[in-house]
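Going down the list, the sequences are from chains F and S. Read in order, the letters of the first sequence correspond to residues 5 to 117 in this note's numbering. Read in order, the letters of the second sequence correspond to residues 726 to 842 in this note's numbering. C-beta: ideal position from N, C-alpha, C; glycine also. Here the structure is a predicted model, which is why all the values come from computation and not from measurement.
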Amino acid sequence: SQKIEQNSEALNIQEGKTATLTCNYTNYSPAYLQWYRQDPGRGPVFLLLIRENEKEKRKERLKVTFDTTLKQSLFHITASQPADSATYLCALEIAGGGNKLTFGTGTQLKVEL
Amino acid sequence: NAGVMQNPRHLVRRRGQEARLRCSPMKGHSHVYWYRQLPEEGLKFMVYLQKENIIDESGMPKERFSAEFPKEGPSILRIQQVVRGDSAAYFCASSPLTSGASTDTQYFGPGTRLTVL
């Protein structure tokens with residue numbers, strides 16, 4: 005069966021450290037993988053998109069890697085700040101799938117002072 | 726430029742009533758998606774619409790749920806004869822999907838939280 009797995013346990017890190025979140029998937033062949041941020045009571049906010057033929061993408065303090073052999077994406081936040089505390093969702097988009105996104109359940113990140 | 730708007734933000738219905746959820750996409754966006762988020766679960770795709778057309782409704786329950794995106798006005802997700810299991814957050818997203826593009830960023834609204842008593 006198809007699965008998208010993200011760490012269900014919350015990730016607590018200290019301010020200034022790098023946070024690394026994992027997204028693993030099985031029985032999918034995604035054309036694109038996206039990362040979103042969701043704060044309590046709000047809708048997801050798009051952060052980064054990476055294509056199947058890309059290994060890495062960066063945007064300011066964010067970095068995403070995509071390994072289609074391992075079927076895994078890693079999401080890094082460097083120099084983390086308390087304002088980065090949120091739930092982070094990975095989402096897959098299948099080629100020819102009509103742009104619909106399939107989401108993981110998300111990992112809650114808490115950055116402490 | 727206003728973002729995606731959804732109303733109401735909170736909706737309480739009794740079992741058997743109808744729920745109507747509205748979504749106004751961002752200006753210039755003609756593609757709308759509806760997702761449902763149950764407690765402790767990820768967002769699940771429900772339906773993808775363009776103006777006056779349903780493109781993909783593979784995630785919609787077969788009964789009681791319907792969606793439309795008329796030529797004028799917001800997109801509507803309608804749930805008839807609601808049951809307790811329909812309690813969830815319903816999110817709408819929109820995208821411009823420029824002609825020829827294979828994908829596009831989806832911008833999400835704040836969601837409607839439906840509670841069925």
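Exercise for review: Please check if any C-beta of chain F sits within less than 8 Å of the C-beta of residue 831(S).
Suggested key: Yes, contact with chain F.
Exercise for review: Could you pull out every residue in the same chain whose Cβ sits closer than 6 Å to the Cβ of residue 7(F), ignoring the five residues on either side in sequence?
Suggested key: Sequence-distant partners of residue 7(F) (beyond 5 residues in either direction) whose C-beta falls short of 6 Å from its own C-beta, in its chain, are 30.
Practice item. Check the C-beta distance from residue 812(S) over to residue 750(S) and give it rounded, since I have them as a contact under 8 Å. Key: Taking C-beta atoms under 8 Å as the contact rule, residue 812(S) and residue 750(S) fail to qualify, at a distance of about 25 Å.
Review point. If you measure beta-carbon to beta-carbon, which residues of the stretch 769 to 796 of chain S are closer than 7 Å to chain F?
Key: Per Cβ criterion, the list reads 770, 773, 780, 781.
Review point. Does the separation of the CB atoms of residue 752(S) and residue 777(S) fall below 8 Å?
Key: It is not a contact, given that the beta carbons lie outside the stated cut-off.
**Study point:** Own chain partners of residue 63(F) with C-beta closer than 7 Å, once the 5 adjacent residues on each side are dropped
**Key:** Within the same chain, residue 63(F) has close Cβ partners 52.
**Study point:** Cβ of residue 103(F) within 8 Å of any chain S Cβ
**Key:** Interface residue, yes.
Point to revise | Rounded straight-line distance, which links the Cα of residue 755(S) to that of residue 98(F) | key: So the two alpha carbons sit approximately 21 Å from each other.
Review point. To which residues does DSSP link residue 42(F) through a beta bridge?
Key: Residue 42(F) is bridged to 91(F).
**Study point:** residue 27(F) vs residue 38(F) beta-carbon contact at 8 Å
**Key:** In this structure, residue 38(F) does not lie closer than 8 Å to residue 27(F) by Cβ.
Review point. Should residue 807(S) go down as buried or exposed, given a rule of 16 or more other Cβ atoms within 10 Å for buried?
Key: Buried.
Practice item. Please name the residue, chosen from 19(F), 101(F), 56(F), 89(F), that lies closest to residue 74(F) on a Cα-to-Cα basis. Key: The option with the nearest alpha carbon to residue 74(F) is 56(F).
Check your understanding: Quick one: Cα of residue 727(S) to Cα of residue 817(S), how far?
Key -> When rounded, the separation of the alpha-carbon atoms in residue 727(S) and residue 817(S) is 14 Å.
**Study point:** Complete alpha helix (DSSP H) runs within the stretch 11 to 57 of chain F (minimum length 4 residues, chain order)
**Key:** Within the stretch 11 to 57 of chain F, no complete alpha helix (DSSP H) segment of 4 residues or longer occurs.
Review point. Which class does residue 811(S) belong to by DSSP, given the choice of helix, strand or coil?
Key: Helix, per DSSP.
Practice item. Please confirm if residue 44(F) has its CB atom under 8 Å from at least one CB of chain S. Key: Any Cβ of chain S closer than 8 Å to the Cβ of residue 44(F) would place that residue at the interface, and such an atom is absent.
Check your understanding: Is there at least one Cβ from chain F nearer than 8 Å to residue 848(S)'s Cβ?
Key -> Past the edges of chain S, shown from 726 to 842, lies residue 848(S), and the structure says nothing about it.
Practice item. Alpha carbon to alpha carbon, how far is residue 78(F) from residue 794(S)? Give it in angstroms, no decimals. Key: About 36 Å.
**Study point:** Between the CA atoms of residue 88(F) and residue 24(F) - distance to the nearest angstrom
**Key:** Note on geometry: alpha-carbon atoms of residue 24(F) and residue 88(F) lie some 12 Å from one another.
Review point. Which residues in chain S sit within 7 Å of residue 107(F), going by Cβ to Cβ distance?
Key: Here the neighbours are 767, 768.
Review point. Quick one, which residues of the stretch 45 to 62 of chain F are near chain S if we go by CB-CB under 9 Å, in chain order?
Key: 45, 46, 47, 48, 49, 50, 53, 55: these are the residues of the stretch 45 to 62 of chain F whose beta carbon lies less than 9 Å from some beta carbon of chain S, given in chain order.
**Study point:** Distance, residue 747(S) Cα to residue 90(F) Cα
**Key:** Cα to Cα, residue 90(F) sits roughly 26 Å from residue 747(S).
Review point. When you check each C-beta in the stretch 748 to 762 of chain S against every C-beta of chain F, which residues fall closer than 9 Å?
Key: The residues in question are 756, 758, 760, 762.
Review point. Any C-beta of chain S sitting closer than 8 Å to the C-beta of residue 15(F)?
Key: It does not; no Cβ of chain S falls within 8 Å.
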